[in-house]
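According to our numbering, the sequence shown is numbered sequentially starting from 155. Every residue, glycine too, gets a C-beta built ideally from N, C-alpha and C. Have a look at the structure below, then the notes.
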Amino acid sequence: MDLRTEATKAAFFRCRRLVQQPLREMQDAWMVRKADRNEMKNYFKATKAIYGPCIKGAEPLLSSDGTLLAEKSQILNAGPSNPEVS
């Protein structure tokens, strides 16, 4: 007895087509989202190239003669570096 008759083949191909169609739609939607993410990645890469990397922290404080102020007491005694700020 051959289970692969014309009717079963037709049913198999019909079912496969019905399953593959939504699968292709999901794959297409995924590819669109991936392309959008890649565009955002390229946008941020270009922004970083133009403006430079972001700085995560404070710059070191320098005195008027250019030496580094490391101690808290040195920073407090130095006063404001801008005379307009009080």
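DSSP bridge partner residues for residue i (one or two, in chain order)
i    : result
P216 : The amino acid occupying residue 216 in the given sequence is Leu; Pro does not appear at that position. Answer is L222, bridged to L216.
Residue i, DSSP secondary structure in three states
i    : result
P207 : coil
R158 : coil
Contact set for residue i: own chain, Cβ-Cβ below 7 angstroms, skip 5 residues either direction
i    : result
L223 : L215, L216, S217, I229, A232
A183 : none
Local Cβ density within 10 Å of residue i, reported as buried at 16 or more and exposed below that
i    : result
A200 : exposed
Cutoff 8 angstroms; reference residue i; Cβ partners in own chain excluding five residues on either side
i    : result
D219 : none
Any chain D beta carbon closer than 8 angstroms to residue i
i    : result
D182 : Reference to chain D is not applicable here, since this structure consists of a single protein chain.
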